[in-house]
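Each residue of the sequence shown is one higher than the last, beginning at 48 in our numbering.
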Amino acid sequence: MLRVFRLIVQNGSFLLFVCLQLYCLYLIVQYNKNQNQVYLYSKQKWALTIQDKYQSVINYLSLTQKNAEVAAENARLLEKHFLQYEQSRYTGLDSTSQLINLYKVIPAVVINNSVTKANNTITINKGGESGIEPGMGVVTAKGVIGIVTDTTRHYSLVMSLLHTKSKISAKLQRTQFPGTLVWKGFHPEQLHLEDVQKYADVKAHDTIVTSGYSLVFPEGLPIGRVEAFEIPQGAFTYSIQVSLFQNLNTIEQVYVIGHNYKNEKDQLEKQAEKYE
48 MLRVFRLIVQ NGSFLLFVCL QLYCLYLIVQ YNKNQNQVYL YSKQKWALTI
98 QDKYQSVINY LSLTQKNAEV AAENARLLEK HFLQYEQSRY TGLDSTSQLI
148 NLYKVIPAVV INNSVTKANN TITINKGGES GIEPGMGVVT AKGVIGIVTD
198 TTRHYSLVMS LLHTKSKISA KLQRTQFPGT LVWKGFHPEQ LHLEDVQKYA
248 DVKAHDTIVT SGYSLVFPEG LPIGRVEAFE IPQGAFTYSI QVSLFQNLNT
298 IEQVYVIGHN YKNEKDQLEK QAEKYE
């Protein structure tokens with residue numbers, strides 16, 4: 048208390064000056080019609096500005112929460128879709144039989160993305176703490192975009208389809224002929240489907256989907272469409288140019304897909320290697 052008193056005594060002249068200035072402003076505003084109107088107008092304007100900024104923050108936080116809720120619901124619906132698809136493949140099951148859902152879906156948001164390099168990657172805001180592991184597939188509402196390669200506690204790195212080491216097991220949806228989707232490092236919207244046998248029936252605008260031959264992606268997820276194709280002289284397979292359904296320049300909300308029993312399958316197949 049003594050320190051406060053000393054501070055007031057030491058700065059008494061300055062504090063008195065400030066108080067007198069404020070009192071003068073009060074008198075000017077209170078007893079001068081023009082200044083009073085200016086003050087009231089300015090006060091109202093600042094109040095509305097502050098209220099508008101406050102409401103913008105509230106709306107942004109509310110929208111962020113709603114987006115997270117929508118993403119979580121979409122993930123749940125994807126899991127349900129995968130389960131229904133698996134059930135449809137086993138038509139011999141009776142009405143009381145049930146299949147365990149083989150896939151889990153984790154919503155995430157892209158926080159970094161490249162498309163101009165030879166080997167492009169995507170960073171998302173979910174990691175090991177959310178259940179994401181290397182080898183999981185990543186999709187958007189429009190189609191496949193990559194595979195998780197590395198994770199930390201809160202983030203994951205995804206190998207984009209626009210990566211020269213990316214290889215996705217895919218197929219022609221109409222004829223079911225399988226192939227491998229690769230990127231040759233040129234145009235970011237043009238990939239190639241390789242290893243499709245030359246006797247396959249291929250048409251322009253055929254849809255390309257995941258084959259389901261690996262556990263990274265469920266069967267039938269959209270990838271893109273056939274833009275052009277040919278059989279090079281002396282080759283036994285097609286060279287098929289594919290345009291992606293998802294523009295990789297504009298990805299924001301993504302879904303990470305993990306097979307619930309992938310580790311079990313990998314261990315079993317590793318055991319099989321000793322018999323080769």
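Here a beta-carbon is modelled for each residue, glycine too, at the ideal position from N, C-alpha and C.
Nearest neighbour of Lys-245 by Cα position, chosen from Ser-286, Ile-270, Leu-268 and Ser-177, turns out to be Ser-286.
Sixteen is the threshold: when 16 or more other Cβ atoms of the shown chains lie within 10 Å of the Cβ of Leu-262, as they do, the residue is buried. Relative to Thr-187, the option among Cys-66, Asn-307, His-306 and Val-301 whose CA is nearest is Val-301. Per DSSP, the continuous beta strand (DSSP E) segment holding Asp-197 begins and ends at 191 to 198.
Within the segment 259 to 304, the complete beta strand (DSSP E) segments of 3 residues or longer fall at 269 to 277 and 286 to 291, listed in chain order. Taken through DSSP and simplified to helix, strand or coil, Glu-180 comes out as coil. When the beta-carbon positions are compared, Gln-220 and Ser-290 stay at least 8 Å from each other. Assigned with DSSP and collapsed to three states, Glu-320 falls in helix.
In the pairwise beta carbon analysis, the segment 174 to 188 is classified as not touching the segment 226 to 233: fewer than three pairs are separated by under 8 Å.
Rounded to the nearest whole angstrom, the C-alpha separation of Glu-299 and Lys-189 is 12 Å. Under the 10 Å beta carbon count, Thr-163 is surrounded by fewer than 16 other beta carbons and is classified as exposed.
Per DSSP, Thr-257 is one residue of the beta strand (DSSP E) stretching across 254 to 257.
Counting the other Cβ atoms within 10 Å of the Cβ of His-252 gives fewer than 16, which makes it exposed. Looking only at Ser-213, Ala-217 and Val-195, the smallest Cα-Cα distance to His-306 is reached by Val-195. In this chain, the beta strand (DSSP E) harbouring Gly-226 covers 225 to 229.
The alpha-carbon of Gly-281 is positioned some 20 Å away from that of Pro-225.
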